[in-house]
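Peer 1: Residue numbers for the sequence shown follow my numbering, beginning at 2 and rising by one. The beta-carbon is built from N, C-alpha and C at its ideal position, and this holds for glycine as well.
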Amino acid sequence: MSKMNDIIQQETITGIVPMTNKDRQYSFWDLFLSTSGFAIATWCYTQGAYVAQYLTFNQMLINIFSFNIIWVFIECLPILFAVKYGIDLWIWLRAVLGKKGVALLSTIISLANFGWYAVAANLFANSMIHLGNNFGLGLDKGVWAPILGTLCVLLGTLIALGGPEVIKWTNRFLVIALLIVGLIIVGICFVAVPIADIMNIQPATQGDLTPLERFMLSGEGNVAFAFSWSTQALVLPRLAKSERSGYWATALSYGVVAPFFVATGGVMALAMFVKTGVYESDPTTMLSTLSTPAFALLSLLLVAFANIGTQGTGSYVNCMIVKSGMPKVSYKLMVWIA
2 MSKMNDIIQQ ETITGIVPMT NKDRQYSFWD LFLSTSGFAI ATWCYTQGAY VAQYLTFNQM
62 LINIFSFNII WVFIECLPIL FAVKYGIDLW IWLRAVLGKK GVALLSTIIS LANFGWYAVA
122 ANLFANSMIH LGNNFGLGLD KGVWAPILGT LCVLLGTLIA LGGPEVIKWT NRFLVIALLI
182 VGLIIVGICF VAVPIADIMN IQPATQGDLT PLERFMLSGE GNVAFAFSWS TQALVLPRLA
242 KSERSGYWAT ALSYGVVAPF FVATGGVMAL AMFVKTGVYE SDPTTMLSTL STPAFALLSL
302 LLVAFANIGT QGTGSYVNCM IVKSGMPKVS YKLMVWIA
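#1: With 16 other CB atoms within 10 Å as the buried threshold, where does residue 166 fall?
#2: Would the beta-carbon of residue 142 fall within 8 angstroms of that of residue 35?
#3: Could you check the C-alpha separation between residue 171 and residue 138 for me, to the nearest Å?
#4: Please look up how many angstroms separate the CB atoms of residue 38 and residue 176, rounded, as I've assumed it's under 8 angstroms.
#5: What do you reckon, are the CB atoms on residue 193 and residue 54 nearer than 8 angstroms?
#6: Based on DSSP bridge pairs, tell me the residues matched to residue 241.
#7: Whole angstroms is fine: what's the gap from residue 278's alpha carbon to residue 287's?
#8: Runs of 4 residues minimum, wholly inside the stretch 188-265: which ones carry the alpha helix (DSSP H) assignment?
#9: So residue 19 packs on residue 87, CB below 8 angstroms; how close in whole Å?
#10: Kindly list the residues whose CB is nearer than 6 angstroms to the CB of residue 47, restricted to its own chain and excluding five residues on each side of it in sequence; keep chain order.
#11: Would you give the residue range spanned by the alpha helix (DSSP H) that residue 67 belongs to?
#12: Between the Cα of residue 33 and the Cα atoms of 336, 329, 253, 310, which residue gives the shortest distance?
#13: Assuming contact is defined by CB atoms lying nearer than 8 angstroms, are residue 113 and residue 313 in contact in what I supplied?
#14: Would you call the CB atoms of residue 140 and residue 133 closer than 8 angstroms?
#15: Smallest Cα separation from residue 240: which of 231, 232, 250?
#16: Are residue 315 and residue 118 close, meaning C-beta to C-beta below 8 angstroms?
#17: I need the DSSP call for residue 2, collapsed to helix, strand or coil.
#18: Assuming residue 108 contacts residue 284 under a Cβ cut-off of 8 angstroms, what Cβ separation, rounded to an integer in Å, is found between them?
#19: Pairing CB atoms from the stretch 178-189 with CB atoms from the stretch 263-276, are three or more of them under 8 angstroms?
#20: Apart from the five residues just before and just after residue 307, which ones in its own chain have a Cβ nearer than 8 angstroms to its Cβ?
#21: Could you check if residue 246 is buried or exposed, using at least 16 other CB atoms within 10 Å of its CB as the buried criterion?
#22: Please say whether residue 322 and residue 72 have beta carbons closer to each other than 8 angstroms?
#23: By Cβ distance below 6 angstroms, which residues in the same chain neighbour residue 261 in space, the five residues on each side in sequence not counted?
#24: Around the Cβ of residue 154, are there at least 16 other Cβ atoms within 10 angstroms (buried) or fewer (exposed)?
#25: Between residue 52 and residue 69, how many whole angstroms is the CB-CB distance? I'm expecting something under 8 angstroms.
#26: Where does residue 329 sit, in a helix, a strand or coil, going by DSSP?
#27: Ordered along the chain, which non-local residues of its own chain (more than five positions away) have a Cβ less than 7 angstroms from that of residue 303?
#28: Quick one: is residue 334 buried, meaning 16 or more other Cβ sit within 10 Å of its Cβ, or exposed?
#29: Please classify residue 147: is it buried, with 16 or more other beta-carbons within 10 angstroms of its beta-carbon, or exposed?
#30: Let me make sure I understand the geometry here. Which of 235, 243, 320 has the alpha-carbon closest to that of residue 94?
#31: Helix, strand or coil for residue 281 per DSSP?
#32: Starting from the C-beta of residue 339, find all residues in its chain whose C-beta is less than 6 angstroms away, skip the five residues before and the five after it, and write them out in chain order.
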């Protein structure tokens with residue numbers, strides 16, 4: 002009987018069996034921190050640097066928060082049903098696409114998403130190389146970047162194999178630390194260069210575009226960023242204990258916390274432009290340039306390990322998406338393949 006209960010539990014948490022109320026293990030804060038840990042990977046800094054090239058400081062903040070909040074809050078509405086019935090979007094889609102259609106589309110979507118994890122692995126490698134070189138190790142990027150990037154993926158894989166419980170505890174530490182770091186980074190940017198210079202800087206990418214066209218081009222980028230969560234946003238909420246906590250924990254993570262880090266990346270890019278005359282999207286380079294040596298080291302370390310958490314959460318989410326179309330494939334095998 003005990004073995005049968007373990008199998009049922011496994012097929013519920015890492016399978017497609019609907020979650021019952023007694024199986025739900027995520028409170029509001031558990032889901033909020035786990036989702037935030039996934040949402041605030043260093044790709045947010047890259048997105049912020051992209052937007053910063055087209056807009057002034059004030060326009061950038063309005064653009065990032067407005068487009069993300071509006072679209073994320075709308076796209077998260079199906080979470081109410083995901084929590085109520087304990088299933089995710091991909092199980093519902095069987096009614097529209099059939100089992101084979103879901104298997105095909107979920108696999109394509111997950112393969113497309115994994116490009117982001119290459120970005121995360123690369124940023125982890127860059128962070129660790131910067132850290133090593135600050136201690137005089139003289140690491141060659143060409144040699145060490147592939148090795149450290151692969152290490153990031155493997156460590157994330159171990160987190161994913163542990164399932165939601167390990168993901169929850171990993172993100173409890175990482176997210177709180179990263180939120181504090183994010184706030185301090187913004188302060189450092191305003192100390193590193195005069196606030197007036199950041200606020201008065203004119204867009205670097207103008208060309209023949211009107212101000213409205215630049216604003217809407219950036220808006221398009223932020224809408225795409227907001228919708229990029231839609232294929233994954235409805236997986237973790239099935240673990241939530243209530244519909245209210247499931248919706249608000251997810252919507253606030255993707256709609257407020259992630260945009261805050263996008264805006265942080267934008268502020269860093271503007272500060273870098275004021276200080277060096279070059280727009281930069283790699284947070285490791287920006288932190289090393291703008292920050293004091295001691296804080297740069299701490300920030301780089303946290304940014305590096307944030308990418309491991311992202312790898313873990315992302316592997317779980319994407320493998321659950323694929324498993325909805327291919328339920329008989331072992332979850333652990335799927336994680337190793339990913």
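Peer 2: For this structure:
#1: exposed
#2: no
#3: 29 angstroms
#4: 5 angstroms
#5: no
#6: 27
#7: 13 angstroms
#8: 196-201, 212-228, 244-253
#9: 4 angstroms
#10: 282
#11: 58-76
#12: 253
#13: no
#14: yes
#15: 250
#16: yes
#17: Reliability of the predicted coordinates at residue 2 is poor, the pLDDT of 48 falling under 50, and the value obtained from them is presented with this limitation in mind. Residue 2: coil per DSSP, three-state reduction.
#18: That pair is no contact at about 31 angstroms.
#19: yes
#20: 38, 41, 42, 43, 175, 179
#21: buried
#22: no
#23: none
#24: buried
#25: Residue 52 to residue 69, Cβ: 11 angstroms. No contact.
#26: coil
#27: 178, 179, 182
#28: exposed
#29: exposed
#30: 235
#31: coil
#32: 316, 320
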